[in-house]
Amino acid sequence: MKPKVAGSAAKMIFALSFDQVSSYVFSRLYPPLFAIFNIILPVGIPVYYWNETLWNSFWINFVARFTITLNIAFFVNSIAHMWGQKPYDRNISPVENLAVSLAALGEGWHNYHHVFPWDYKTGELGNAYNPSTTFIDFFAKLGWAYDLKSVSKGMIARRAKKCGDGSHPQIWGYGDSDIDKEDKEELEKMAAEEKAAMF
Ligand SMILES: [Zn+2]
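Per this note's numbering, the sequence shown starts with residue 1, numbered consecutively.
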């Protein structure tokens, strides 16, 4: 049955949800945006501004650049499932790999990401080598991104202890029997403050 249409066209546009608008943008506008930003501009700018040949510009600025970029993105599903540490779960194939994180803008903290897939940070340390998280945090500050889901330090520590390969970073000497009484008190105070800040 056709839905009843009430009110003006303007009213209808305002009634569209953000999901409807964004799915329209992605399904309809993706091909032209891809053509403009991935082919026409990168190939055309060198030809127009410094007389590069179209042949060179096409092969280098579209074919080679796009192939390299895609392969870097695919490293997340190949290298980041092969070589690295498994601090959170040693029984699954994804690993933590700094090189992939640097190349793929933060997507290499992959053991963490598979263990806690709902965490928007896709890595325990968030902004460390993770420009994608910094990008989301920036828009969260503006209020455009919201309801971000994360994981508490306690949950991470418990999971690492239970299933990790032992590579989860620990404070050196923490809990050692020969640690200073004062140092121990200070560490406990820090941990309590951190915990209070999380919840
Ligand atoms: Zn994966």
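Beta carbons are placed, not taken as given, at the ideal position from N, Cα and C, and that holds for glycine.
Problem set entry | Check whether Asn77 and Ser101 have beta carbons under 8 Å apart | For this step, residue 77 is matched to residue 77 along the sequence shown. For this step, residue 101 is matched to residue 101 along the sequence shown. Going by C-beta atoms, Asn77 is not nearer than 8 Å to Ser101.
Exercise. What do you reckon, is the C-beta of His168 under 7 Å from a heavy atom of ligand 1?
Worked result: Within the sequence shown, numbered from 1, the residue matching residue 168 stands at position 168. The closest heavy atom of ligand 1 lies 7 Å or more from the beta carbon of His168.
Problem set entry | Under the three-state DSSP convention, the category Glu52 falls into | Along the sequence shown, read from residue 1 onward, the residue named residue 52 stands at position 52. Note: Glu52 maps to coil in three-state DSSP.
Exercise. By a C-beta neighbour count over all protein chains shown, 10 Å radius and 16 as the cutoff for buried, is Asp183 buried or exposed?
Worked result: On the sequence shown, position 183 is the one that residue 183 refers to. By the neighbour-count criterion, in which 16 or more other beta carbons inside 10 Å mark a residue as buried, Asp183 falls on the exposed side.
Problem set entry | Cα-Cα separation, Trp118 to Thr67 | What you label residue 118 is simply residue 118 of the sequence shown in a count that begins at 1. What you label residue 67 is simply residue 67 of the sequence shown in a count that begins at 1. Approximately 30 Å between the Cα atoms of the pair.
Exercise. Count the other CB atoms within 10 Å of the CB of Asp89; is the residue buried (16 or more) or exposed (fewer)?
Worked result: If you number the sequence shown from 1, residue 89 lands on position 89. Answer is buried; the Cβ neighbour count reaches 16.
Problem set entry | Shell residues, 6 Å Cβ cut-off relative to heavy atoms of ligand 1 | Answer in sequence order: Asn77, His81, Pro94, His110, His114.
For this session: Pick helix, strand or coil for Glu96, following the three-state DSSP scheme.
Result: Against the sequence shown, residue 96 aligns to sequence position 96. Correct three-state label for Glu96: strand.
Problem set entry | Between the CA atoms of Phe74 and Ser57 - distance to the nearest angstrom | Position 57 of the sequence shown holds residue 57. Position 74 of the sequence shown holds residue 74. Computed Cα separation, rounded: 24 Å.
Exercise. Hey, Ser167 and Lys121 are a contact pair by Cβ (cut 8 Å); roughly how many whole angstroms apart?
Worked result: To locate residue 167, count along the sequence shown from 1; it is residue 167. To locate residue 121, count along the sequence shown from 1; it is residue 121. Wrong, their Cβ atoms sit about 19 Å apart, outside the cutoff.
Exercise. Does the stretch 126 to 146 touch the stretch 105 to 114, meaning 3 or more C-beta pairs lie closer than 8 Å?
Worked result: Yes: the two stretches touch, three or more of their Cβ pairs being nearer than 8 Å.
For this session: Enumerate, from N- to C-terminal direction, the unbroken alpha helix (DSSP H) stretches of 4 or more residues contained entirely within the stretch 115 to 164.
Result: For the stretch 115 to 164, whole alpha helix (DSSP H) runs of length 4 or above, ordered along the chain, are 131 to 142, 153 to 163.
For this session: Could you pull out every residue in the same chain whose Cβ sits closer than 6 Å to the Cβ of Gly126, ignoring the five residues on either side in sequence?
Result: Locating residue 126 in the sequence shown gives position 126, where the first residue counts as 1. Sequence-distant partners of Gly126 (beyond 5 residues in either direction) whose C-beta falls short of 6 Å from its own C-beta, in its chain, are Thr133.
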